[in-house]
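Structure record follows, encoded as structure tokens.
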Amino acid sequence: MSNGNTTMDKVVALCKRRGFIFQSSEIYGGIGGFWDYGPLGVELKRNIKDAWWRDMVTGHDETAQLPDAPSPYAMVGLDTTIIMHPQVWRASGHFDLFYDLFVDCKTCKGRFRADQLGTSQCPRKPSKRPGEHDDCELTEPREFNLMFKTYVGALLDPTAEAYLRPETAQGIFVNFKNVLSTSRVKVPFGIAQIGKSFRNEITPRNFIFRSREFEQMEIEFFCAPADSQAWYAYWRDRRVAWYVSLGLKSEKLQLREHGPEERAHYSCGTADIEYAFPFLPEGEFGELEGVSHRSDFDLRSHMEGKLVRDGDELVVERDEHGQPRHPGSGKDLSYFDDATQTKVVPHVIEPSAGADRTTLAFLCEAYDEDAIPDEKGVPQERVVLRLHPRIAPIKAAVFPLVKKDGQPELASEIYRTLKKRWNVFYDEKGSIGKRYRRQDESGTPYCITVDHQTTEDDTVTLRDRDTTEQTRVKIADLEGIVAERIAG
Ligand code: GAP
Numbered sequence: 001m002s003n004g005n006t007t008m009d010k011v012v013a014l015c016k017r018r019g020f021i022f023q024s025s026e027i028y029g030g031i032g033g034f035w036d037y038g039p040l041g042v043e044l045k046r047n048i049k050d051a052w053w054r055d056m057v058t059g060h061d062e063t064a065q066l067p068d069a070p071s072p073y074a075m076v077g078l079d080t081t082i083i084m085h086p087q088v089w090r091a092s093g094h095f096d097l098f099y100d101l102f103v104d105c106k107t108c109k110g111r112f113r114a115d116q117l118g119t120s121q122c123p124r125k126p127s128k129r130p131g132e133h134d135d136c137e138l139t140e141p142r143e144f145n146l147m148f149k150t151y152v153g154a155l156l157d158p159t160a161e162a163y164l165r166p167e168t169a170q171g172i173f174v175n176f177k178n179v180l181s182t183s184r185v186k187v188p189f190g191i192a193q194i195g196k197s198f199r200n201e202i203t204p205r206n207f208i209f210r211s212r213e214f215e216q217m218e219i220e221f222f223c224a225p226a227d228s229q230a231w232y233a234y235w236r237d238r239r240v241a242w243y244v245s246l247g248l249k250s251e252k253l254q255l256r257e258h259g260p261e262e263r264a265h266y267s268c269g270t271a272d273i274e275y276a277f278p279f280l281p282e283g284e285f286g287e288l289e290g291v292s293h294r295s296d297f298d299l300r301s302h303m304e305g306k307l308v309r310d311g312d313e314l315v316v317e318r319d320e321h322g323q324p325r326h327p328g329s330g331k332d333l334s335y336f337d338d339a340t341q342t343k344v345v346p347h348v349i350e351p352s353a354g355a356d357r358t359t360l361a362f363l364c365e366a367y368d369e370d371a372i373p374d375e376k377g378v379p380q381e382r383v384v385l386r387l388h389p390r391i392a393p394i395k396a397a398v399f400p401l402v403k404k405d406g407q408p409e410l411a412s413e414i415y416r417t418l419k420k421r422w423n424v425f426y427d428e429k430g431s432i433g434k435r436y437r438r439q440d441e442s443g444t445p446y447c448i449t450v451d452h453q454t455t456e457d458d459t460v461t462l463r464d465r466d467t468t469e470q471t472r473v474k475i476a477d478l479e480g481i482v483a484e485r486i487a488g
């Protein structure tokens with residue numbers, strides 16, 4: 001299987017052509033950094049999120065010790081609000097620290113991220129980098145907070161200011177005590193959440209890779225401080241294995257451990273799971289997911305107030321009166337460990353993935369071009385999306401070979417049976433070769449064709465998207481065979 005011919009332009013064109021992803025508000029010229037998922041895209045992204053939820057949460061067996069896990073553990077889910085109490089973002093540090101540095105050009109009025117001047121484009125012609133035209137006048141770098149601000153209620157004054165969450169994680173931390181007291185979980189356990197996050201990125205770019213509205217799939221895993229390094233190693237490797245299990249098998253996937261200088265102030269370990277997206281120069285990788293050891297930073301912040309680093313310690317940041325600069329809730333978010341009869345603030349390991357970047361990585365990995373013989377044996381070029389059957393938007397397509405001899409009726413019957421279980425597509429228009437190729441481009445792993453023989457022996461052909469091999473199977477066995485193949 002080769003996908004060395006993948007370029008970003010080809011993936012974007014396929015997404016538009018087949019209805020995976022559209023520019024938001026396209027008929028009005030679009031709006032930078034916002035994307036809509038079309039009929040196939042919504043299924044693909046939903047299947048990815050469902051696979052993550054199933055594999056990480058509902059399918060997790062808390063009674064068994066998984067390979068390489070330090071012990072058995074429980075997993076539960078949450079769905080918290082996008083707008084939260086504004087103090088959440090002050091205590092968490094986002095209000096003060098969640099910014100990028102930007103540079104304005106006084107001549108062209110362009111705004112650029114200070115750390116991306118070398119790869120950004122000045123809007124004027126001829127095409128140059130910001131600062132490279134003779135009359136460019138760049139300002140000193142300034143801070144720009146990435147949180148979207150809004151107002152809650154009818155008054156548009158500072159007391160009504162609130163923010164759209166820039167990460168789903170904080171909704172989990174502030175509910176730690178609620179989950180602990182209502183779901184009978186014991187440390188170690190994880191809380192998972194999938195939901196929208198918003199960042200007013202200065203330069204959204206590279207299709208859905210960096211957008212202003214996106215979805216995250218986050219786990220906050222609470223464990224005893226003494227076991228936290230072992231859990232960190234477990235989650236790092238477990239998350240890489242998840243991508244591989246769904247088809248990110250190539251050398252384009254890598255795990256990169258951050259050096260101490262690259263880590264956030266609260267982190268005692270961070271590793272990025274990265275993918276060599278085709279928009280990047282050869283040899284460069286982009287972040288798909290970050291796995292961080294966040295120590296007790298978050299729970300303590302929401303108890304005591306915003307923390308800052310003082311040598312090896314995290315201490316409450318204080319104002320000129322000695323009071324916490326951004327107070328926490330004052331609620332006790334510690335955990336009483338029955339085994340050791342001690343009270344501890346658990347440490348947190350956070351695997352934080354982007355659903356949109358994951359979708360993009362699966363699309364890029366799956367994109368391929370090859371040539372297959374048509375009905376007359378003449379090689380025809382095709383574009384094929386070799387998506388893992390579990391995440392493919394359409395699991396199977398059902399065709400009558402011809403629109404007569406009872407074939408459409410038989411094919412409809414098969415379609416209705418399979419439709420009860422999966423997203424299945426029925427098509428009787430166009431030559432059979434064209435119908436196959438349309439499904440190949442959509443990533444449909446199986447095509448089922450009713451032909452003359454079907455009326456004689458109750459068999460159909462089952463075509464495999466990747467090999468194009470066709471096997472004859474009994475209609476009675478079809479559902480079981482497709483189920484087996486999807487499960488892999
Ligand atoms: N709670 C930790 C956190 O939010 P992050 O590294 O800022 O960490 C986690 O974000 C993941 O969210 C990233 O690895 C990426 O997949 C996704 N993500 C972050 N910003 C994004 C953006 N502007 N557009 C699309 N995905 C984004």
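Per this note's numbering, residue 1 is the first one in the sequence shown, and the count goes up by one each step. Backbone N, C-alpha and C define an ideal beta-carbon position, used for all residues, glycine too. These numbers were taken from a predicted model, which means no experiment stands behind them.
Cβ shell of residue 39 (< 6 Å), same chain only, five flanking positions each side left out: Here the set comprises 19.
Beta strand (DSSP E) containing residue 491: first to last residue? The requested residue 491 is not part of the displayed model; the chain covers only 1 to 488.
Would DSSP call residue 106 helix, strand or coil? Residue 106: coil per DSSP, three-state reduction.
Roughly how many whole angstroms lie between the Cα atoms of residue 130 and residue 119? Answer to the nearest angstrom: the Cα atoms are 9 Å apart.
Inter-residue spacing [alpha-carbon to alpha-carbon] between residue 88 and residue 471: Cα to Cα, the separation comes out at about 58 Å.
Would the region 434 to 445 count as touching the region 457 to 474 if we require 3 or more Cβ pairs under 8 Å? In the pairwise beta carbon analysis, the region 434 to 445 is classified as touching the region 457 to 474: at least three pairs are separated by under 8 Å.
What is the DSSP secondary structure of residue 486, counted as helix, strand or coil? Residue 486: helix per DSSP, three-state reduction.
So residue 363 is in the alpha helix (DSSP H); what residue range does that whole segment cover? Boundaries of the alpha helix (DSSP H) around residue 363: 355 to 366.
Look up residue 371 in the DSSP assignment and give the residues it is bridged to. Assignment of beta-bridge partners to residue 371 by DSSP yields 381.
Whole angstroms are fine: how far does the CA of residue 141 sit from the CA of residue 508? What is shown of the chain runs 1 to 488, which leaves residue 508 out entirely.
Whole beta strand (DSSP E) elements within the region 51 to 91, 3-residue minimum: Fully enclosed beta strand (DSSP E) runs of 3 or longer: 74 to 77.
Beta-carbon contacts of residue 173 that lie in its chain and below 7 Å, excluding the five residues immediately before and after: Same-chain partners within the cutoff: 220, 298, 299 and 302.
Any chance the region 60 to 78 sits against the region 139 to 157, with 3 or more Cβ pairs inside 8 Å? The region 60 to 78, when compared against the region 139 to 157, does not touch it at the 8 Å Cβ threshold.
Going by DSSP in three states, residue 136 sits in which element: helix, strand or coil? In the three-state reduction of the DSSP assignment, residue 136 falls in the coil class, being assigned neither a helical nor a strand state.
Just checking residue 489 against the ligand GAP - is the residue's beta carbon closer than 8 Å to any of the ligand's heavy atoms? Lying before the first or after the last residue shown, residue 489 is absent from the chain, which here runs from 1 to 488.
First and last residue of the alpha helix (DSSP H) that includes residue 241? Unbroken alpha helix (DSSP H) run through residue 241: 228 to 245.
Comparing the C-beta of residue 121 with each C-beta of chain D, is any distance below 9 Å? No chain D is part of this structure, which consists of one protein chain only.
Count the other C-beta atoms from every protein chain shown that fall within 10 angstroms of the C-beta of residue 202, then say buried if there are 16 or more, exposed otherwise. By the neighbour-count rule (16 or more Cβ atoms within 10 Å), residue 202 is buried.
Between residue 426 and residue 398, which are expected to be in contact by the criterion C-beta below 8 Å, what is the C-beta distance as a whole number of angstroms? That pair is a contact at about 5 Å.
Compute every distance between the C-beta of residue 129 and the non-hydrogen atoms of the ligand GAP, then say whether any falls below 8 Å. No, the beta carbon of residue 129 sits no closer than 8 Å to any heavy atom of the ligand GAP.
What is the DSSP secondary structure of residue 141, reduced to helix, strand or coil? In the three-state scheme derived from DSSP, where H, G and I count as helix and E and B as strand, residue 141 is classed as coil.
With DSSP as the reference, please indicate the residues paired to residue 459 in a beta bridge. Residue 459 pairs with 474.
Thinking residue 387 and residue 371 are a contact (beta carbons under 8 Å), I'd like their distance in whole angstroms, please. No, residue 387 and residue 371 are not in contact; Cβ-Cβ is about 20 Å, not under 8 Å.
What residues in its chain sit with their C-beta under 7 Å from that of residue 56, if we drop five residues either side in the sequence? Within the same chain, 75, 192 and 219 come within 7 Å of residue 56 by CB-CB distance, once the 5 residues on both sides are set aside.
Is it buried or exposed, residue 379, if we count other Cβ atoms within 10 angstroms and call 16 or more buried? Residue 379 should be labelled exposed.
So is residue 83 buried or exposed if we call it buried at 16+ other beta carbons inside 10 Å? The residue in question, residue 83, is exposed, as its Cβ has fewer than 16 Cβ neighbours within 10 Å.
Do three or more CB pairs link the region 313 to 322 to the region 245 to 264 at distances below 8 Å? No, because fewer than three Cβ pairs between the region 313 to 322 and the region 245 to 264 fall closer than 8 Å, the two stretches do not touch.
Contact check, residue 304 vs residue 269 under 8 Å by CB: the rounded distance? About 23 Å separates the two Cβ atoms, so there is no contact after all.
Enumerated in chain order, which unbroken segments of the beta strand (DSSP E) with a length of 3 residues or greater are wholly contained in the region 254 to 308? As for any beta strand (DSSP E) of minimum length 3 sitting wholly inside the region 254 to 308, the runs are 269 to 275 and 286 to 295, ordered along the chain.
Pull up the DSSP beta-bridge partners for residue 164, would you. DSSP, once it has assigned bridges, lists 83 as partnering residue 164.
According to DSSP, residues forming a beta bridge with residue 8: Paired residues: none, contrary to the question.
Would the beta-carbon of residue 243 fall within 9 Å of that of residue 358? Taking 9 Å as the cut-off, the beta carbon of residue 243 is found closer than this to the beta carbon of residue 358.
If you pair each beta-carbon of the region 153 to 167 with each one of the region 122 to 137, do three or more pairs fall below 8 Å? No contact exists between the region 153 to 167 and the region 122 to 137.
Quick one, which of 389, 391 and 461 has its alpha-carbon nearest residue 407's? Closest by C-alpha distance to residue 407, out of 389, 391 and 461, is 461.
Between 206, 336 and 267, which has its C-alpha nearest residue 32's C-alpha? It is 206 whose Cα lies nearest to the Cα of residue 32.
Can you tell which of 454, 382 and 85 has its C-alpha closest to the C-alpha of residue 402? Cα-wise, what sits closest to residue 402 is 454.
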